[in-house]
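Engineer: Encoded as structure tokens, here's the structure I'll be asking about.
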Amino acid sequence: MSQVIFSSWGRQIVDNRQGGETDLASLKLKLPDRYLENGAIGAFMGWDGIIVLDRETDIVAMAAEYMKRVQEKYCCAKCSPGKKGTRVLQDTLARIVSGHGEERDLEIIEGLSALLDNCKCTLCMTSALPVFDTVKYFRDDYLAYIRGRRKAKPAASYHDKLTAPCMDRCPAHIDIPSYIEEIKNRRFDESLDVIRRNMPIPAVCGRVCPHPCESACRRALVDEPISIMVLKRVAADHEWMHHKRPPMAPAGSREKTVCVIGGGPAGVSCAYYLALEGYKVTILDMLPEPGGTVAVGIPDYRMPRDLLRREYEIVQGLGVEIKFNTKLGRDISLKQVKEQYDGVFIGVGAFRSKPMGVEGEDQGYEGFSEGGINYLRAVALGQPIKTGKRVIVVGGGNTAIDCVRVALREGAEDSILVYRRTRKEMPAESYEVDDAEEEGVQFEFLRNPTRLVHENGRITGVEVVKMELGEPDESGRRRPQPVPGSEYVIPCDMVIPAIGQDPDLSFLEEDNLGIETTRWNTIVTRGGVLMTDCKGVFAGGDCEIGPMTVVAAVGQGRRAARAMARYLETGRTFLDEADAMEDLVNNLGVFDKDEPVGLAGGTHREHQPKISGPERARGWDEIELAMPETQAVREAERCLRCYRVGMVAVG
Numbered sequence: 095m096s097q098v099i100f101s102s103w104g105r106q107i108v109d110n111r112q113g114g115e116t117d118l119a120s121l122k123l124k125l126p127d128r129y130l131e132n133g134a135i136g137a138f139m140g141w142d143g144i145i146v147l148d149r150e151t152d153i154v155a156m157a158a159e160y161m162k163r164v165q166e167k168y169c170c171a172k173c174s175p176g177k178k179g180t181r182v183l184q185d186t187l188a189r190i191v192s193g194h195g196e197e198r199d200l201e202i203i204e205g206l207s208a209l210l211d212n213c214k215c216t217l218c219m220t221s222a223l224p225v226f227d228t229v230k231y232f233r234d235d236y237l238a239y240i241r242g243r244r245k246a247k248p249a250a251s252y253h254d255k256l257t258a259p260c261m262d263r264c265p266a267h268i269d270i271p272s273y274i275e276e277i278k279n280r281r282f283d284e285s286l287d288v289i290r291r292n293m294p295i296p297a298v299c300g301r302v303c304p305h306p307c308e309s310a311c312r313r314a315l316v317d318e319p320i321s322i323m324v325l326k327r328v329a330a331d332h333e334w335m336h337h338k339r340p341p342m343a344p345a346g347s348r349e350k351t352v353c354v355i356g357g358g359p360a361g362v363s364c365a366y367y368l369a370l371e372g373y374k375v376t377i378l379d380m381l382p383e384p385g386g387t388v389a390v391g392i393p394d395y396r397m398p399r400d401l402l403r404r405e406y407e408i409v410q411g412l413g414v415e416i417k418f419n420t421k422l423g424r425d426i427s428l429k430q431v432k433e434q435y436d437g438v439f440i441g442v443g444a445f446r447s448k449p450m451g452v453e454g455e456d457q458g459y460e461g462f463s464e465g466g467i468n469y470l471r472a473v474a475l476g477q478p479i480k481t482g483k484r485v486i487v488v489g490g491g492n493t494a495i496d497c498v499r500v501a502l503r504e505g506a507e508d509s510i511l512v513y514r515r516t517r518k519e520m521p522a523e524s525y526e527v528d529d530a531e532e533e534g535v536q537f538e539f540l541r542n543p544t545r546l547v548h549e550n551g552r553i554t555g556v557e558v559v560k561m562e563l564g565e566p567d568e569s570g571r572r573r574p575q576p577v578p579g580s581e582y583v584i585p586c587d588m589v590i591p592a593i594g595q596d597p598d599l600s601f602l603e604e605d606n607l608g609i610e611t612t613r614w615n616t617i618v619t620r621g622g623v624l625m626t627d628c629k630g631v632f633a634g635g636d637c638e639i640g641p642m643t644v645v646a647a648v649g650q651g652r653r654a655a656r657a658m659a660r661y662l663e664t665g666r667t668f669l670d671e672a673d674a675m676e677d678l679v680n681n682l683g684v685f686d687k688d689e690p691v692g693l694a695g696g697t698h699r700e701h702q703p704k705i706s707g708p709e710r711a712r713g714w715d716e717i718e719l720a721m722p723e724t725q726a727v728r729e730a731e732r733c734l735r736c737y738r739v740g741m742v743a744v745g
């Protein structure tokens with residue numbers, strides 16, 4: 095573990111320049127020892143201070159280079175304090191490093207603090223903070239330059255990245271402040287262009303994303319977070335509502351071919367970004383229509399199928415071929431795919447339901463569903479399935495919530511969710527639970543099924559045992575424990591288990607080509623580039639890390655596409671600078687939930703209109719309606735534009 099020579103990160107000062115040892119772990123900082131193949135990391139400078147790992151690092155020269163990049167690459171120049179303040183910092187630091195500085199230059203630098211506090215956004219303000227730290231804690235190094243006792247050493251290798259708390263928390267790392275700024279200026283097409291750099295299915299993620307970005311929105315430290323997800327939908331809806339054609343086109347044409355197995359969010363993202371680079375991409379999908387889990391696992395009242403199909407038509411317009419009803423292991427083997435294509439991406443979803451482990455679930459009773467995801471798929475594809483009048487769904491995740499809500503739309507008179515913990519511990523999104531309750535779903539908390547009750551081969555009820563919460567388990571949630579002797583029967587005529595699902599990797603049983611899997615039934619990849627142990631075969635999404643969100647799958651699909659492009663051109667897999675800096679910043683973390691923002695607040699979040707009341711459960715129309723663009727502009731104006739710049743010195 096690297097030893098810290100000096101750190102001001104998080105406003106905690108650690109100074110070992112005169113001796114002593116402190117490692118990164120004890121400071122709860124995550125920096126790698128090395129940066130790619132370039133060498134050891136000497137220091138990191140960014141929005142919350144500086145971290146020095148090598149005492150030979152020239153902090154003064156690093157500060158000068160850092161501010162040069164901030165001023166020339168990232169300062170938007172839309173406010174005088176930021177534009178002028180960073181330019182004065184750049185010029186003053188350059189003058190010192192060149193040997194023409196004066197001691198009063200240090201006073202000039204320190205005097206800029208109050209000016210930069212008045213910036214339009216936080217980029218310049220936070221970028222100046224580490225420079226102020228260097229002047230305060232490395233003053234002797236500055237004086238050595240000013241008094242001619244020191245000259246700049248051979249330049250280290252510097253690598254920088256623009257980020258923001260919301261960007262960092264987003265698994266796809268979309269430039270959120272930028273696309274919100276475009277909406278604020280009513281430039282909806284330009285906003286969508288920004289989104290599509292990292293997200294090829296914005297109409298989907300503008301509707302069904304769990305928006306982890308909003309949990310890292312600094313506006314929430316003032317009043318309420320920005321409606322980041324909904325603003326994405328506004329940009330996406332603007333295009334199709336105004337009958338505009340997407341502007342993307344492949345960059346030339348390449349001879350190498352790629353096969354993407356699975357047309358869900360991970361697969362379509364991989365295909366999209368490879369197609370933009372000019373590669374010939376074919377998607378093999380076991381379903382009869384596009385969308386993967388989104389198409390058959392997310393009901394139409396949340397994600398209208400016509401808009402989902404439009405997203406895929408856009409990808410097909412880039413030259414991507416989609417072969418439907420083609421299942422790996424049934425219609426074609428992985429070995430055959432590997433022989434026919436130069437690169438392969440496995441992006442199969444998690445369609446195998448987990449068993450409940452209760453008496454009677456393997457007896458084939460009428461009224462027992464094979465699993466929540468199977469029930470949703472059958473309904474979505476119009477397959478013959480009879481929904482009972484009194485339905486019990488077991489589970490607490492989003493799939494379980496979708497099942498109880500779909501059951502109502504399929505004619506159930508009573509739709510009941512049974513969950514072994516309390517509502518507080520449910521992994522489902524809280525607003526989805528609210529919607530289910532509003533539609534008339536009944537909840538039985540702290541209950542766990544023990545056996546299926548049947549008569550003449552038909553489900554007539556579920557025996558459950560009452561639960562109580564004990565000590566926290568490995569997930570941090572309190573572990574449910576049965577209350578002895580508390581069993582009773584809940585009458586019903588249909589049971590749908592929705593306690594989780596796994597990827598179906600049965601296609602690896604015959605010819606896995608050396609691909610390693612885990613005990614969780616996921617595929618092992620190496621080196622952060624998502625390549626398996628079989629050269630040229632990559633994997634991402636549910637089959638690589640387990641059931642995940644749409645946006646996380648998109649992020650993996652895009653990263654895999656970039657890694658595959660490098661592999662197809664060089665025969666090697668490696669992280670590039672974008673990957674490396676993305677990982678470095680993400681591990682360090684950007685959002686500080688305890689940060690004093692210093693704004694009055696009081697401007698509340700705008701909400702998109704929604705069809706209310708239990709009557710909406712009688713149909714499949716989308717229940718969350720489009721936010722009017724004038725309202726979206728008001729919401730975009732609440733964004734604090736919280737950009738940060740980080741830079742690492744190597745060698």
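To convert a position in the sequence shown, counted from 1, into the numbering used here, add 94. For glycine and all other residues, C-beta sits at the position ideal for the given N, C-alpha and C.
Would you say the segment 680 to 695 touches the segment 251 to 269, given that touching needs at least three Cβ pairs under 8 Å?
Structural biologist: Yes, they touch.
Engineer: Rounded to whole angstroms, what's the CA-CA distance from residue 692 to residue 316? Just pull it up for me.
Structural biologist: Cα-Cα distance, rounded: 8 Å.
Engineer: Just confirm the distance between the C-beta atoms of residue 229 and residue 209, as a whole number of angstroms; I'd bet it's less than 8 Å.
Structural biologist: At roughly 15 Å, the Cβ-Cβ gap does not stay under 8 Å, so residue 229 and residue 209 are not in contact.
Engineer: My guess is that residue 743 and residue 137 are in contact by the Cβ rule of under 8 Å, so how many angstroms apart are they, rounded?
Structural biologist: With a Cβ gap of about 5 Å, residue 743 and residue 137 count as contacting.
Engineer: Report the residue ranges of all beta strand (DSSP E) runs contained in full by the segment 181 to 260; include only those spanning at least 3 residues, in chain order.
Structural biologist: Segments of the beta strand (DSSP E) lying fully in the segment 181 to 260: 251 to 257.
Engineer: Between the beta-carbon of residue 650 and the beta-carbon of residue 444, is there less than 7 Å?
Structural biologist: No, the pair does not count as a contact, with Cβ atoms beyond the cut-off.
Engineer: Curious, which full-length beta strand (DSSP E) runs of at least 3 residues does the segment 557 to 632 contain?
Structural biologist: Correct list: 572 to 576, 582 to 585, 588 to 591.
Engineer: Are there three or more Cβ pairs, one per stretch, closer than 8 Å when the segment 358 to 367 is compared with the segment 636 to 652?
Structural biologist: The segment 358 to 367, when compared against the segment 636 to 652, does touch it at the 8 Å Cβ threshold.
Engineer: Using the DSSP secondary-structure output, state which residues sit across from residue 417 in a beta bridge.
Structural biologist: According to DSSP, which records beta bridges pairwise, residue 417 is partnered with 378.
Engineer: Are residue 227 and residue 144 touching if we call contact CB-CB under 7 Å?
Structural biologist: It is a contact, given that the beta carbons lie within the stated cut-off.
Engineer: Where do the ends of the alpha helix (DSSP H) carrying residue 544 lie?
Structural biologist: First-last for residue 544: 541 to 549, but that is the beta strand (DSSP E), not the alpha helix (DSSP H).
Engineer: With DSSP run on the structure shown, which of helix, strand or coil describes residue 509?
Structural biologist: Strand.
Engineer: What number of angstroms, rounded off, separates the C-alpha of residue 256 from the C-alpha of residue 626?
Structural biologist: Cα to Cα, the separation comes out at about 30 Å.
Engineer: I believe residue 739 touches residue 302 by the beta-carbon criterion, under 8 Å. Please report the beta-carbon distance rounded to the nearest angstrom.
Structural biologist: Actually they do not touch by this definition, with Cβ atoms about 32 Å apart.
Engineer: For the segment 717 to 733 and the segment 502 to 514, state whether three or more C-beta atom pairs, one from each stretch, are separated by less than 8 Å.
Structural biologist: Short answer: they don't touch.
Engineer: How many Å lie between residue 588 and residue 454 at the Cα?
Structural biologist: Their backbone Cα atoms lie some 13 Å apart in a straight line.
Engineer: Residue 598 to residue 174, Cα distance in whole Å?
Structural biologist: In a straight line, the C-alpha of residue 598 is about 57 Å away from that of residue 174.
Engineer: Between which residues of its own chain and residue 74 is the CB-CB distance below 8 Å, once the five residues before and five after are set aside?
Structural biologist: Past the boundaries of the shown model lies residue 74; the chain is included only from 95 to 745, so the question cannot be answered.
Engineer: Pull up the distance between the alpha-carbon of residue 96 and that of residue 123, whole angstroms please.
Structural biologist: Distance between the alpha carbons of residue 96 and residue 123 is about 10 Å.
Engineer: Spatial neighbours of residue 624 within its chain, please: C-beta separation below 7 Å, excluding the five flanking residues on both sides.
Structural biologist: 632, 633, 634, 638, 650, 653, 654, 657.
Engineer: So, for residue 251: in the same chain, excluding its five sequence neighbours on each side, which residues have a beta-carbon less than 6 Å away from its beta-carbon?
Structural biologist: Around residue 251: 132, 744, 745.
Engineer: Measure the alpha-carbon distance for residue 160 versus residue 151 and round it to whole angstroms.
Structural biologist: Going by the C-alpha atoms only, they are around 14 Å apart.
Engineer: If you draw a straight line from the C-alpha of residue 296 to the C-alpha of residue 176, how long is it?
Structural biologist: Rounded to the nearest angstrom, the two C-alpha atoms are 32 Å apart.
Engineer: Is residue 127 helix, strand or coil by DSSP?
Structural biologist: Coil.
Engineer: Beta-carbon separation of residue 436 and residue 350 under 7 Å?
Structural biologist: Contact: yes.
Engineer: Taking the C-alpha atoms as reference points, what is the distance between residue 402 and residue 343?
Structural biologist: Straight-line Cα distance between these residues: approximately 20 Å.
Engineer: Got a sec, what are the start and stop residues for the alpha helix (DSSP H) residue 153 sits in?
Structural biologist: Its alpha helix (DSSP H) spans residues 153 to 163.
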